[in-house]
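To start, the structure under review is shown below, and the notes come after it.
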Amino acid sequence: MSTDPLPLDAFISYSRRDRAFAERLEAALKAYRPPRELAVAQRHLAVFRDESDIEAGDYDEVIGRHLAQSRRLVVVCSPAARASKYVDDEIARYVRLHGAQAVVPVLIDGLANNEAAPDQHDRMAFPGALVAAMQMPLAVSWRGFDPKRDKVDRGAFEGPWYQLLAHLYGVSRAEIEQRDKRRQQRRRRIAWSVTGAVVATLCAALVLTVLARNEAVRQRDLAEQRRLATQARQLNVEAAAALALDGEGVQRGLLLSLESLASHWTVEAQAALLRHLDRLAPRGRRIDGPHRAPVVALAADAQGRWIASESADLLLVREADTLREVHRAERLGGNSSLRAVTFSPDGRWLAAGCTERAGCVWDTATWRSVLTLGEGGQVLRAAAFDADSRRLAAVVPGRTPVQLYATDGWRALPLPPADDIAGRMVDGLGFVASYRLVLKVADKVLWWDLDPPARLDASPGHAGWAFAYAGTTLVTQDGERRLRVHEVDYGSVLPELIEQPGPWQRRVAERAPLVFLDWAGWPALAAIDVDGMAVVWPRAGPRDPLHLAGGISLGAGPGGLLVGRPDGRIEITALDRPETLRLDRPDAVQALALAPDGGRVALRDAAGRVAVFDTVQGQRLAGFESVPGEGTLAFSRDGRWLVLAGPRELRVHDAADGRERLRHAAGQAFGPVGWSADGRWLLAVSDRQLLRFGVEGWQALAPIAPAEGITAVRLSTDGHAVATTGYSDIARGVGLRQPSITRVWELATGRALAWQSHEAEDLARIGSGVTWARRASGATGEWTSRTAGGDAALAGQAAGWPMLHTLDESHAAPQRPWLQTRDAHGVTLAQRAAERAARAHGKAPSALAFSADGRRLASTGEDRSVRLWPLTADDLVADACRRLLRNLSAEEWQRALGDLPYRSGCAGLPGPTPLPGAR
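Every number in this note's numbering is 73 more than the matching position in the sequence shown, counting from 1.
Written out as C-alpha cells, the structure reads:
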C-alpha cells in the first residue's frame, strides 16, 4: 500500500461533451515519465478520470475520496463544462479541501469569462465555482484541438503540454521543457545510432547479398554461355556430318547450322552457311492447276516459247513468259507410260500424249496431231528427235519396240534387225547427230547406225531404269541405283566409254527422270535422288550440286528447272540467283566499288565508262565517261564522291549524277591515293610530293614537298595533320650518309609542325656492321647527324599514326568480327565469302569490293556478271530460310537438342509432328 498521503497526481474534471479531449489528455499524462535530471518522483503520473477510474459505491462518496487524494485538479474548461453542475460541484468541493492554488484550468473551447462580450454569454467557458475561487483564472489553452488530427503533447500543443506538466510537478515550465528536450535529443541520438547501425548492417548485408546475387547471376550466365557454346559446337559437328551428304542432308545440315547460330554465334556455323548455302536453291514459283492428276512429264522448247506438261488426264501447253494456255488435250489414255514430253530442236514438233492413243506428234504451228504413236494396247515409253529435227525415234513395246520416222511427211524409216530386243524393255533412246541411235535395253547400251541401218555394238553393265543421252554424254544407272556418267568417244570404229571423275556417284530414285540442262553457261544434269529431292549436278566448273524441292518429273525450262508434283502443280526454280543482286554486263567490268552502306555499286569498263546502280532494285542511277585503262575506282567515306585514279590522272565525280568535280593530271605515276580520317581531304603521292585536294570546292592546294621525297604517309586520327617519311641516303660500302626523316605537316595549311630523323632505325636496317663512325673512310659529300625540331612530342607520336588508307585498300574486308575471324581450317569469313563468289562466277572473281559496314560484298568475274552477296549472320539466316523447305523434324530436334523446348528455325515453314511425350 502506498504511503503517499495524496496518491493521485491529478483529478480531471470535464463535461461528458469534452470526453474525447479528456481521454487523450489522461492517456498522455499516464504515459509520461519525467526526465531523470528533474528532482521529482521518477514514476508515471497517477491520474483519475471518473469514467475510466470510477469505483463501485456511492457516487458522492467515491468522488469526494478521489478529490481529497488528488494533488491537482485539472478542469477542462468549455461552454459545456460551464453548463455542467457536476464540474461545478467537483471544483467547489476540491477548493474547500485543497484551496484554489491547486486548481489547473485547461481551456479547450469558448472564451474566458472576462473576455466574452455581453452577447457572447453562451461562449463563456469557466464554470461558476472556478470563477468564485479564482477571480481571473489563467488557463492553459488547448483551443483548436482536433481529436481526430492532433496530439495533446506534440506539434502546436507542445507549449500547453509543458505548461500543464509544470503545474502538476510544481516546477517551472522552462526547467521541465529543457530537460525533456535534452532527453528527447538523447533518445533521438540513440535511436539514430541504433538506426544507423541497423541501416549500416542492413546495407552491408544488402551489398553482400547484391554482390552474391550478381556473382551468382554472372556465374549462371557464364554457365549458360558455356552450355550454349558447347551446344553450338556440337550442332556444328552434326551439321558438318550432314552437309557431307546430299539430298536431305543439305537441308538438315543448314537447319542445324541455324540452330547453332541461335544458341551461340560461332565462326564455324557462319562459315557453313557461306560454304553450303548455295547448295540449296531458293524456293521456286509454284503454278497451280488445271492438272487433277500427278504431272508425269515436262518439257520446254529450245526457243523458250512454251512449257508442256502432261498428266494422265491432260496435256497442257502454256506460254513460257505469261503461262497463258495455248493447247490442251484431255482424256489421255490412262495406260500411257510416257515419261517425257519432247519438243523437236527447232520447236516445230511436240511428241506427247493425245486423246485416245498412247502418244501423238503435234504440229506447234496449228496444234493438230500429225502422227499417232503406238497401236492398240501398246504404250509409248519415250521419244527423241535428232539434232536436225529430221527424224523422230519412239519406244513402243511390242514386236518392233523402236520406231523411226522422217519428219518431212512422217514416213516410217528402216531400222537395223531388232530380233534380240523384241519383247524386251527399252528404257530410253537418243541420237548421235543424225546418223546414230543409242538405246538402253535391260542392262545394256546399244549403238545403231542409221545410214545404212546396222548394229554397231552393245555395252553391258548398265543396270537400272535411269537413262539419258545428249551430245557425247551418256548417263545410266548401276545395280545400286547410282548414276554413271560417260563421255562417248567416236574417234574409233566402235564407241569407247570414258567415265569422267566427279560428283556423279549419287543414288537416285528408281525410274528417276534425268534431264540435261544449261546451268548459267555450264552443262548440268538433273535427277530425283533417293531422298525425293531434285538435284542438279554440274558437269564442269567449280559448283556443288544444287538441291531443291523434288517431284515425279523434271524438265528444263527458260526460267530454270521444271518440277512436276504429285498434286498436279508445277514448280519453276531459277538455278542461278543465289545472290542479292545480279547485273549482266555486255562489257567486261575492269573495276568496281561498293558504297560504304552497300546501297550503290559503281562499275568501270576498259574504256573508262562508269555506271552507278542501286543494289536493291538494280536500277541504273548514273553513267559517265572517266579515266580509261587500268586504275582504281572507289567511293568516298560518306559515299558522296566517286574517285577514279588512273596511272597518271585523277578524277572525282559526284556519285549521284556523275558530274565531274575534279580532274588532275600528274607528270609521273600516282603512288598511294586515299582519304584523310575525317574525309575532308583527298591525298595523293606523285613526283615526290603529297598532293592535297579539299572536298569543299575541290581545289588543289599547294603540294607538300619534303626535300627527301616520300616513302610513307601517315595520318593523325583527328584528320588535322599528316606525317611523311622521306628516303635515307646510303653511301655504298661506306655507310649511312643521310637518315630517313619523318616530317609532320598541318593538312589545311601545309605548314611544317615537327620533324625527326631515324638514324638508329636506318642503321639497324642496313646492318650492325655499318655505323656513323665509318663516314670518315673517304666518301665525299655532306654528312648529317641526328636532327629534330618543332613539336618533339608530335614528331614522336607520328610514328604510331595509321598509314594512309588507300583507295585499293577501301575494297578490302573491313575489320569486322564476322569477317576477320578464322574457322577451324584457318580461313577467314571474308575468304569464305570470296570463295562463294568464285563458285558463282566459275573461277576466282576479277574484282571484289566490301562495303565499309561489312554487310555486303560485290564481285565480278569472267562471266561478265556483277553480284552482290550478304555477309552477316542475320542476312545469311534470312537467305537460308528463303531456300529451306521445312524446319527440323521432332526426331531431328530431339536427337540434336534433347529435351529443350522445340522452336521453329524459320517462321512460316512446315514444323514437325511432336513426338509422344515431347515438350
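Each residue gets a CB set at the ideal place from its N, CA and C atoms; glycine is no exception. Note that the structure is a prediction, hence the values are computed from the model and not measured.
Does DSSP classify threonine 945 as helix, strand or coil? For the purposes of this step, residue 945 is identified with residue 872 of the sequence shown, where counting begins at 1. Coil at threonine 945, not helix or strand.
Enclosing beta strand (DSSP E) for tyrosine 167 [first to last residue]: Here residue 167 corresponds to residue number 94 of the sequence shown, with the count starting at 1. Tyrosine 167 -> not in any beta strand (DSSP E); alpha helix (DSSP H) instead, spanning 158-171.
Helix, strand or coil at histidine 117 [DSSP, three-state]: Here residue 117 corresponds to residue number 44 of the sequence shown, with the count starting at 1. Three-state DSSP puts histidine 117 in coil, outside helix and strand.
Going by DSSP in three states, leucine 694 sits in which element: helix, strand or coil? Position 621 of the sequence shown, counted from the first residue, corresponds to residue 694. Reduced to three states, the DSSP call for leucine 694 is strand.
Relative to the C-alpha of threonine 894, which candidate in Leu944, Ala541 and Glu882 has its C-alpha closest? Position 821 of the sequence shown, counted from the start, is the residue given in the question as residue 894. Nearest of Leu944, Ala541 and Glu882 to threonine 894, Cα basis: Leu944.
Based on Cα-Cα distance, which residue from Phe708, Gln692 and Pro659 lies nearest to leucine 667? For the purposes of this step, residue 667 is taken as the residue at position 594 of the sequence shown. Considering only alpha carbons, the answer is Phe708.
Using DSSP with H/G/I as helix, E/B as strand and the rest coil, what is threonine 282? As a first step, residue 282 must be located in the sequence shown, where it is residue number 209. In the structure shown, threonine 282 sits in a helix (DSSP, three-state: H, G or I).
What three-state label does DSSP hand threonine 23 in the structure shown? Residue coverage of the chain in this structure runs from 74 to 992, which leaves residue 23 outside it and unanswerable.
Given 8 Å, three or more beta-carbon pairs between the region 338-349 and the region 601-615: no
What residues are listed by DSSP as bridge partners for arginine 940? If you number the sequence shown from 1, residue 940 lands on position 867. For arginine 940, which the question treats as bridged, DSSP gives the partners Arg655 and Ser932.
Per the contact definition of three or more C-beta pairs closer than 8 Å, is the region 648-662 in contact with the region 365-373? no
Reference arginine 710; option with closest CA among Asp670, Asp524 and Leu170: By 1-based counting over the sequence shown, the position of residue 710 is 637. Comparing Cα-Cα distances from arginine 710 to each of Asp670, Asp524 and Leu170, the minimum goes to Asp670.
Could you check the C-alpha separation between alanine 953 and alanine 467 for me, to the nearest Å? Position 880 of the sequence shown, counted from the first residue, corresponds to residue 953. Position 394 of the sequence shown, counted from the first residue, corresponds to residue 467. Rounded to whole angstroms, alanine 953 to alanine 467 spans 43 Å at the Cα level.
Taking the beta carbon of proline 490 as the centre, do at least 16 other beta carbons fall within 10 Å, making it buried, or is it exposed? The sequence position of residue 490 within the sequence shown is 417, counting from 1. Classification of proline 490: exposed, given that the 10 Å Cβ count is below 16.
From aspartate 226 to phenylalanine 199, what distance separates their C-alpha atoms? Within the sequence shown, numbered from 1, the residue matching residue 226 stands at position 153. Within the sequence shown, numbered from 1, the residue matching residue 199 stands at position 126. Going from the Cα of aspartate 226 to the Cα of phenylalanine 199 covers about 23 Å.
Tyrosine 689 and leucine 676: beta carbons closer than 7 Å? Numbered from its first residue, the sequence shown carries residue 689 at position 616. Numbered from its first residue, the sequence shown carries residue 676 at position 603. The identity of residue 689 in the sequence shown is valine, whereas the question assumes tyrosine. No.
Kindly indicate the opening and closing residues of the beta strand (DSSP E) around serine 626. The count along the sequence shown starts at 1 and reaches residue 626 at position 553. Residues 626-630.
Leaving out the 5 sequence neighbours to the left and right, which residues in its chain are closer than 8 Å to leucine 982 when beta-carbon positions are compared? Here residue 982 is taken as the residue at index 909 of the sequence shown, counted from 1. So the list reads Cys954, Leu957, Leu958, Arg959 and Asn960, once near-sequence residues are dropped.
Would you kindly work out how many angstroms separate the C-alpha atoms of histidine 726 and tryptophan 714, rounded to a whole number? Counting from 1 along the sequence shown, the entry for residue 726 is found at position 653. Counting from 1 along the sequence shown, the entry for residue 714 is found at position 641. Histidine 726 and tryptophan 714: Cα-Cα distance of roughly 6 Å.
Mapping DSSP to helix, strand and coil, what is histidine 337? Position 264 of the sequence shown, counting from 1, holds the residue named residue 337. Three-state result, histidine 337: coil.
If I follow the unbroken beta strand (DSSP E) through alanine 980, where does it start and stop? What you label residue 980 is simply residue 907 of the sequence shown in a count that begins at 1. Unbroken run through alanine 980: none, as it is neither H nor E.
Taking the beta carbon of glycine 637 as the centre, do at least 16 other beta carbons fall within 10 Å, making it buried, or is it exposed? Looking up residue 637 in the sequence shown gives position 564. Buried: at least 16 other Cβ atoms inside 10 Å.
Quick one: what's got a C-beta closer than 6 Å to aspartate 253's C-beta in the same chain, skipping five residues either side? Your numbering for residue 253 matches position 180 in the sequence shown. So the qualifying residues of the chain are Pro108.
Valine 213 to glutamate 231, Cα distance in whole Å? In the sequence shown, counting from the first residue as 1, residue 213 sits at position 140. In the sequence shown, counting from the first residue as 1, residue 231 sits at position 158. Distance between the alpha carbons of valine 213 and glutamate 231: 11 Å.
Can you check which of these residues, Ala833, Leu316 and Arg441, is closest to threonine 860 by C-alpha distance? Mapped onto the sequence shown, residue 860 falls at position 787. The shortest Cα separation from threonine 860 among Ala833, Leu316 and Arg441 belongs to Ala833.
Put valine 176 into one of helix, strand or coil per three-state DSSP. Here residue 176 is taken as the residue at index 103 of the sequence shown, counted from 1. In this structure, valine 176 counts as strand in the three-state DSSP scheme.
Whether glutamate 722 touches valine 700 by CB criterion (7 Å): Locating residue 722 in the sequence shown gives position 649, counting from the first residue. Locating residue 700 in the sequence shown gives position 627, counting from the first residue. Contact flag set, yes.
Reduced DSSP secondary structure (H/G/I, E/B, other) of glutamate 781: Translated into positions along the sequence shown, residue 781 becomes position 708. It is coil, neither helix nor strand.
How about glutamine 174 and proline 80: are their beta carbons less than 7 Å apart? Residue mapping note: residue 174 aligns to position 101 of the sequence shown, counting from 1. Residue mapping note: residue 80 aligns to position 7 of the sequence shown, counting from 1. Contact: no.
Among Ala112, Arg144 and Glu96, whose alpha-carbon lies nearest the alpha-carbon of aspartate 123? By 1-based counting over the sequence shown, the position of residue 123 is 50. The shortest C-alpha separation from aspartate 123 is found at Glu96.
Flag this pair as yes or no: are the beta carbons of arginine 359 and glutamate 644 separated by less than 7 Å? For the purposes of this step, residue 359 is taken as residue 286 along the sequence shown, with counting starting at 1. For the purposes of this step, residue 644 is taken as residue 571 along the sequence shown, with counting starting at 1. For arginine 359 and glutamate 644, yes; Cβs fall inside 7 Å.
My assumption, with CB atoms under 8 Å, is that glycine 704 sits in contact with alanine 718. Please give the rounded CB distance. Taking the first residue of the sequence shown as 1, we reach residue 704 at position 631. Taking the first residue of the sequence shown as 1, we reach residue 718 at position 645. 5 Å between Cβ atoms; contact.
State the DSSP-derived secondary structure class of arginine 509, mapped to helix, strand or coil. Position 436 of the sequence shown holds residue 509. Strand at arginine 509.
Which one or two residues does DSSP pair with threonine 303 in a beta bridge? The residue given as residue 303 occupies position 230 in the sequence shown. Beta-bridge pairing links threonine 303 to no other residue.
Would you list the residues sitting across from arginine 959 in a DSSP beta bridge? Indexing the sequence shown from 1 puts residue 959 at position 886. In the DSSP output, where bridge partners are listed per residue, arginine 959 has none listed.
Beta-carbon gap between serine 417 and serine 382 smaller than 7 Å: Here the question's residue 417 lines up with position 344 in the sequence shown. Here the question's residue 382 lines up with position 309 in the sequence shown. Against a cut-off of 7 Å, the Cβ pair of serine 382 and serine 417 comes out as no contact.
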